[in-house]
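Q:
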Amino acid sequence: MKVMCILTDGFEELEAVGTIALLRRAGMVIDVYAVESTAATGRFQVTFDRLLNTDDLCVDEYDALFIPGGPHYAKLEANACVKAVIKHFFDHHKVVSAICAAPTILGHLGYLKGKKYTCFTSMNEDFGGVYMDQYVAIDENLITGRSAAASIDFAFALMEKLAGKAKADEIKKSIYY
Numbered sequence: 001m002k003v004m005c006i007l008t009d010g011f012e013e014l015e016a017v018g019t020i021a022l023l024r025r026a027g028m029v030i031d032v033y034a035v036e037s038t039a040a041t042g043r044f045q046v047t048f049d050r051l052l053n054t055d056d057l058c059v060d061e062y063d064a065l066f067i068p069g070g071p072h073y074a075k076l077e078a079n080a081c082v083k084a085v086i087k088h089f090f091d092h093h094k095v096v097s098a099i100c101a102a103p104t105i106l107g108h109l110g111y112l113k114g115k116k117y118t119c120f121t122s123m124n125e126d127f128g129g130v131y132m133d134q135y136v137a138i139d140e141n142l143i144t145g146r147s148a149a150a151s152i153d154f155a156f157a158l159m160e161k162l163a164g165k166a167k168a169d170e171i172k173k174s175i176y177y
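Read in the UniProt record's numbering, the sequence shown has 177 at position 177, and its numbers run on one by one without any break.
(1) Measuring alpha carbon to alpha carbon, tell me which of Ile138, Ile105, Lys167, Ala64 ends up nearest Asp126.
(2) Skipping 5 residues on each side, what residues in its chain have a beta carbon closer than 7 angstroms to that of Phe90?
(3) Report all residues from its chain with a CB closer than 6 angstroms to the CB of Val59; omit the five preceding and five following residues, and keep chain order.
(4) Under 8 angstroms between the Cβ atoms of Val32 and Leu51?
(5) Is it buried or exposed, Val46, if we count other Cβ atoms within 10 angstroms and call 16 or more buried?
(6) My assumption, with CB atoms under 8 angstroms, is that Leu65 sits in contact with Thr8. Please give the rounded CB distance.
(7) Select from Cys119, Lys94, Tyr73, Gly42 the residue whose C-alpha is nearest the C-alpha of Ala149.
(8) Taking contact to mean at least 3 C-beta pairs separated by less than 8 angstroms, is the region 132-143 in contact with the region 163-172?
(9) Am I right that Pro68 and Thr19 are in contact with their C-beta atoms under 8 angstroms? What's the rounded C-beta distance?
(10) Indicate the three-state DSSP secondary structure (helix, strand or coil) for Tyr73 in the structure shown.
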């Protein structure tokens, strides 16, 4: 399985690093892209460098999209390339996962209509779907997480969707979850 992660300055480190680390423990390839750059600094000043640039991506190579939350969501939502990537994943019925503030991007673009979802509670708007007051919501190929506190459950939901329950259980056991 191959996962694309997109972020930019202001991403939430716990959501990004935790999810990436757990998926890589399961043997997945996670390519991390920065918008219009090859580096991104999180909201708590942790910097990722040597990232891939969204100008060079080929979305057909990926099985899933992962968007961490954080204040960077507004920059991602305003970016034409990011919107095109999201559209591609939904149009091709691939897995789309977003946590915390990031599901609001999907909501503003109309992708949460008729779907079960969760997001950072204070950012929930009427997106036309069913808001789930829980850490993780799954609706077919859509996986959403509520907040940084939900990062581990979110990562395991994504892992189970992509690699199966047995692999998720194996990784859970390896970290004493």
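The beta carbon of each residue, even a glycine, is placed where N, CA and C say it ideally should be.
A: The structure says:
(1) One-based indexing of the sequence shown puts residue 126 at position 126. Here the closest residue by C-alpha is Ile105.
(2) Counting from 1 along the sequence shown, the entry for residue 90 is found at position 90. Within the same chain, Phe90 has close Cβ partners Val96, Tyr111.
(3) Locating residue 59 in the sequence shown gives position 59, where the first residue counts as 1. Closer than 6 angstroms at Cβ, skipping near neighbours: Val85, His88.
(4) Within the sequence shown, numbered from 1, the residue matching residue 32 stands at position 32. Within the sequence shown, numbered from 1, the residue matching residue 51 stands at position 51. Yes, Cβ-Cβ distance for Val32 and Leu51 is below 8 angstroms.
(5) Along the sequence shown, read from residue 1 onward, the residue named residue 46 stands at position 46. Counting other Cβ atoms within 10 Å of its Cβ, Val46 stays below 16 and is therefore classed as exposed.
(6) Locating residue 65 in the sequence shown gives position 65, counting from the first residue. Locating residue 8 in the sequence shown gives position 8, counting from the first residue. Rounded to whole angstroms, the Cβ separation of Leu65 and Thr8 is 15 angstroms, and the two are not in contact under 8 angstroms.
(7) Along the sequence shown, read from residue 1 onward, the residue named residue 149 stands at position 149. Of the candidates Cys119, Lys94, Tyr73, Gly42, the one whose C-alpha sits nearest the C-alpha of Ala149 is Cys119.
(8) Taking 8 angstroms as the limit for Cβ pairs, the verdict is that the region 163-172 does not touch the region 132-143.
(9) Along the sequence shown, read from residue 1 onward, the residue named residue 68 stands at position 68. Along the sequence shown, read from residue 1 onward, the residue named residue 19 stands at position 19. Their Cβ separation, rounded to whole angstroms, is 7 angstroms, which keeps Pro68 and Thr19 in contact under 8 angstroms.
(10) Position 73 of the sequence shown, counting from 1, holds the residue named residue 73. Tyr73: helix per DSSP, three-state reduction.
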